[in-house]
Each structure stands twice: as C-alpha cells, then as structure tokens.
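Encoded as structure tokens, the structure appears first; notes follow it.
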Amino acid sequence: MLLPLLSVLWAGSPQEDPGFELRVQESVTVQEGLCVHVPCSFSYPGVGGSNSTPAYGSWYRIKNPKVGVLMATNNPAREAKRKNKFPFHLPGDPGAGNCSLSITDAQRGHGGNYYFHLDRGLMRHTYKSNRLTVHVRALTQTPDIRVKEPLESGCPSHLTCSVPGACDGAMPLTISWTGAALRAPELDLEASNSSEILLIPRPQDHGTNLTCRVTFPRVGVSTQSTITLNVSYAPQNLSIGICQGNCTELKYPGNGSSLPVLEGESLLLVCAADSNPPATLSWAQGSRTLGPSQPWEPGVLELPRVQLGHGSKFTCQAQNPLGSQHVSLRLSVVYPPRLLSPSCSWEGEGLHCSCSSRAQPAPTLRWRLGEGLLEGNHSNASWTITSSSAGPWANSSLSLSGPLGSGLRLSCEARNAHGSQSAAFLLLPGKPELGGGFVLGTVGGAGVAGLLSLCPCLIFFMVKICRKQAPEPAAGGKDAACTLGPLSQFLGLHVDPLCYLPAPITLIGPPSLLPLGVTSPSIRQISP
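Using the UniProt record's numbering, you'd call the opening residue of the sequence shown number 1 and step up by one each time.
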C-alpha cells in the first residue's frame, strides 16, 4: 500500500545539455518507518533507439557539494560494492527512461537532496539541475482497524489492523492487540500477534476498547489506534424498579415477585433493559396491553392511586431486532377491614349476632361483651361463637342466652395489619312502666356524632311512630301523657316529652308479634 503523494512539480532544466531532460517533483515528505514512491522520467539523446547497451540509473544523496552517497541503483556492479544497504529502490527500467524512486522504512537520516545519474555504455550523465528533496518526519500516522462483519453477540467477526503508508513486502511489522474482548475463551491467543484476528464478541464487550499497536523494528518507532466496540445483542438483564408513595430510590423485587401495595397508595413501576440497539419497552396487565404513562418514557408505568382492580400480574416486555425478553411482577392490593352490615336479632329466648368483614390480608374477628373479650370458636352455658374465613372474608356469629343486664355493650371488631373497624351494640333499659323489658342499640364514635346531627329528624320520626302506636284518646279527647325513651337520655337530648318509644331505631320484627307487656326489643347499628 502506497502513501498518497504530495503535489508533484514537474520541471525541465534549460541548463541541461541538449537532449537531456529529467522530470521529477521538487520534494517529497515521508514519515519514519513508512514508504513513499516518487515518479520520475528522463530522456537523453538516442533513447528509444535499437541500441542494446543496458542503461543503469543511480540515485545519490548529496553529502557535500563534491560528494554524493549512493542510495539506490540497478547497476549490479555498483550494488555489490555498496557497504550500506539503504531501503531505496529503482522499480522502473532506466533503459525506458524510468527513474522512479521507492523509499521503504524511511529514517530520519534519509532526509536530504538527491540527484539522478545515468550510465549507458560510454555515456555518463548526471542530472544535477533537477534535484529531489526528501523530508523525513516523525511518525504520526496511526493504524486503521477495520471490522469486516458487524459485531453481533455470539457471531464470529474478523478485524484487521494496517498502517496506511507502510510498504508491502517490507520488513515485517510487529502487531499486538489489547482489549477486554480478547479475554474471551473463543479467541485464539496466538492470533493476537497477527494483523487479523477472529473475535466472537459478548454483550459485555459492547462499549469496551480494542487497541492495535504497530511497531517498525528497523526504525524502532511505534504507533497505535483504539476503537470502541459496538456489539449488537438481544435484551438482557430486564428488571422492574418500584417506588411506593414518597420514595427516594427504586427497589428491585425480582422477576415473578409478589408486591403488597396498600389500596389508595401511589405506585411507580420503572422497567429497564440492557440491549443494543435499545429495546422497545411495553407494559401489560394480565393480557391487556397498557399505554405508557409518558410517551417519551415507555418504560415507566404510574399508578397514582392503587385500586383493587390493580391486583394482578404486570409484565414488561423489551424487544429489539435480535430478540425479546419479559419480566413480571404481581401486585397484591392490601386494605384495612371493612365491616359489612353487622346485625343482631332475637331468636327465641336468646340474642343472635353476626359480623362479616372483608380485608386483605384476611381480617380476624372478635367480640367484646361488656369488659370481656370473646374470640375464636368457643362456647359455654351463656354464649357460643362460631367463626370461619375464606379468601379475604371472615365471618363470625355470637349467640347469647340467659338473662342480659341492661346497659350492656356488645361490639364486633375486625382487624388486620393495615387497620381495624368495629361496630358496637348497646343494650338499653326498656319502658319503665312495663318493667323487665330492654332495648338494644348500637353506638360508635362517628355514629353518635352522626345521630346528634340528625336529632331533629329522629325526634320527628319518633313523634310520627308514637302517634301510630299510641292508645286511643282518653275521655275528653286528649292524647295520653308519655315520656321519651331512654336512648334520648343516652344521647343527651333535651326535648319536651310527647310519647314513649322503645328506641329511635328500626324494629327487628313487628311489635304486634311480641307478647303484651314486653317492651319491643330493637337494634340500631351506628357505624364507627
């Protein structure tokens, strides 16, 4: 391979003898260790004739005005007498007027002025008018590293290293390769000293450097080049990072993990993949494809408020032309207990109460009777508890028998790791003049406040029911005097009594079905 030549100045000289002319550029520059070819032609009287006398050309470097050092010749006799073998050659035929000069493995000492001399038979002529000046500079040329096939993970690829301007057939160069990719077991280490290597790249080789270093032994100079490997590979190391609530850093639960998330909490899912070229990322919930939260960030999925419907498998898929990979995460939506219509009813001579709750994880249910705690599946002569659970549901029933004191508080409580909820029932004394009766009502913090806010409505409701249930007017056409029931005293209501009601609540069973002289038992649930 030849170094591109500098601009050439062809010039004849009027000082030459008639018929003698040499055409060569005035100067040439070459770097240490490299090669250069200088085109040259000449003419002399009789050139092109039938004279069979051989023509010999020689190039001399001017050492001083009177002495020239022979650098190149095609004259075998003079070549044999040369003590110093310089890397200068005459590749052409001087007999045909070709005086071209080739310089291989240029060295600093080769710089200077040169002239051409012709010998043919008895004719000897030195072309001193048109001289060639050779400049030898420091080596700055770097090697070219060429990748013959695109670098794809697992596929063989050939890489070559060469120095532009280095001569073909000159003294062998010393070439060495260095780089992390060369540690691959598939690489033949003996080939690392060759101008061509076979590389089977891996994904981890992408972005690493590969260096080729070339040394010119004759000159003792070196040059090197480094390239960054661009290795294509399918998506790998796919991961999902999560950010719950006001987090400061992502957490990575791993493929196939189950993640508990509190209902109503915000959740950010960030999918990332290692691939080249970059993979296209997409999200799916179950079999349904989801759109990205932000089009410019397809790997980010944001759930501002987690709902029960989000409790399923979320899958992120990464795909590029070389393959695809997916990773999944199952969301388990957790939430505190929710009591569903707890109730009590009279069955025969006993009181039967039921309580159901749903939560995730499933709640535990327990009863409180007065100051006592009742839980699990237990029974004695006075009470029986039966509990069961299935999935997120928990159910419990309480049966009370025997005499019940008035003013007794009964409550059902559901609890899990995320909270609790309870419903309370209050056993109240019944109508005083009937004696022995009682009323059951429920109370709770928020429910009491709600009832207080609804007092006017309750009073109206009580009055209306009272008028329906009051006895016929006494003689004289007036309503019988009556008093407000005991729940008004419990709630702190102060109103003028119009009539008596067992309690401002919904009756369990119509009063007409109850024995006379017994206060109608009734139940009110007040949500906590």
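We put the beta carbon where it would ideally sit given N, CA and C, even for glycine.
Open item on the list: Assess contact between the region 56-72 and the region 135-148, defined as three or more Cβ pairs (one per stretch) separated by less than 8 Å. Is contact present?
Closed with: no
Task: Ser354 beta carbon less than 9 Å from that of Pro336 - done: no
Task: Where the alpha helix (DSSP H) containing Pro336 begins and where it ends - done: It is not in any alpha helix (DSSP H) - Pro336 instead sits in the beta strand (DSSP E) that spans Gly323 to Leu339.
Open item on the list: Cutting at 6 Å between CB atoms, please list the residues of its own chain near Val448, excluding the five before and the five after it.
Closed with: At Val448, the pLDDT of 35 sits below 50, so the modelled position is not reliable; the number obtained from the coordinates is stated separately. Same-chain partners within the cutoff: there are none.
Task: Gly419 (DSSP reduced to helix, strand or coil) - done: It is a strand residue.
Open item on the list: By alpha-carbon positions, which one of Leu122, Glu21, Leu259 and Ser275 ends up nearest to Leu268?
Closed with: Leu259
TODO: Quick one: grab the DSSP three-state call for Gln107.
DONE: When DSSP states are grouped into helix, strand and coil, Gln107 belongs to the coil group.
Task: Backbone secondary structure at Arg78 - three-state DSSP - done: helix
Open item on the list: So Ser370 and Arg409 are supposed to be a Cβ contact under 8 Å. How far apart are they, rounded?
Closed with: Note that residue 370 is Gly in the sequence shown, not Ser. Right, the Cβ-Cβ distance comes to about 6 Å (below 8 Å), so this counts as a contact.
Task: Meets three-Cβ-pair contact criterion under 8 Å: the region 377-389 and the region 322-337 - done: Note that the region 377-389 does not touch the region 322-337; fewer than 3 beta-carbon pairs, one per stretch, sit closer than 8 Å.
Open item on the list: Let's test the definition: count the other Cβ atoms within 10 Å of the Cβ of His158 and tell me whether it reaches 16, buried, or not, exposed.
Closed with: exposed
Task: Collapsed DSSP secondary structure at Pro235 in the structure displayed - done: Correct three-state label for Pro235: strand.
- [ ] Go ahead and pull the three-state DSSP assignment for Gly309.
- [x] helix
Open item on the list: Beta-carbon within less than 8 Å of Val300's beta-carbon, same chain only, minus the 5 sequence neighbours each way: which residues are those?
Closed with: So the qualifying residues of the chain are Leu268, Leu269, Val270, Cys271, Pro292, Ser293 and Gln294.
Task: Per DSSP, the bridge partner or partners of Lys251 - done: Ile242
Task: Helix, strand or coil at Asp93 according to DSSP, with G and I counted as helix - done: coil
- [ ] Give the straight-line distance between the Cα atoms of Gln25 and Arg131, rounded to the nearest whole angstrom.
- [x] 8 Å
Task: Beta-carbon gap between Asn276 and Pro361 smaller than 9 Å - done: No, Cβ-Cβ distance for Asn276 and Pro361 is not below 9 Å.
- [ ] Report back the beta-carbon spacing between Ala423 and Cys412 to the nearest angstrom; my notes put them in contact at under 8 Å.
- [x] 5 Å
Open item on the list: Buried or exposed, going by whether 16 or more other CB atoms sit within 10 Å of the CB of Leu398?
Closed with: By the neighbour-count rule (16 or more Cβ atoms within 10 Å), Leu398 is buried.
Task: Expected contact under 8 Å - CB spacing of Ala180 and Gly323 to nearest Å - done: Contact flag wrong, Cβ pair sits at about 23 Å.
Open item on the list: I need the DSSP call for Ala381, collapsed to helix, strand or coil.
Closed with: coil
Open item on the list: What would DSSP say about Asn84, mapped onto helix, strand or coil?
Closed with: coil
- [ ] Give the DSSP bridge partners of Met123, in chain order.
- [x] Arg120
TODO: Could you tell me whether the region 279-289 touches the region 202-220, using the rule of 3 or more Cβ pairs below 8 Å?
DONE: no
Task: Pick from Trp346, Gly350 and Ser389 that is closest to Arg366, judged by C-alpha positions - done: Ser389
- [ ] Report the option in Gln224, Pro87 and Arg124 whose CA atom is closest to the CA atom of Arg108.
- [x] Pro87
Task: Assumed close pair Cys35, Thr104 - CB separation to whole angstroms, cut-off 8 Å - done: 5 Å
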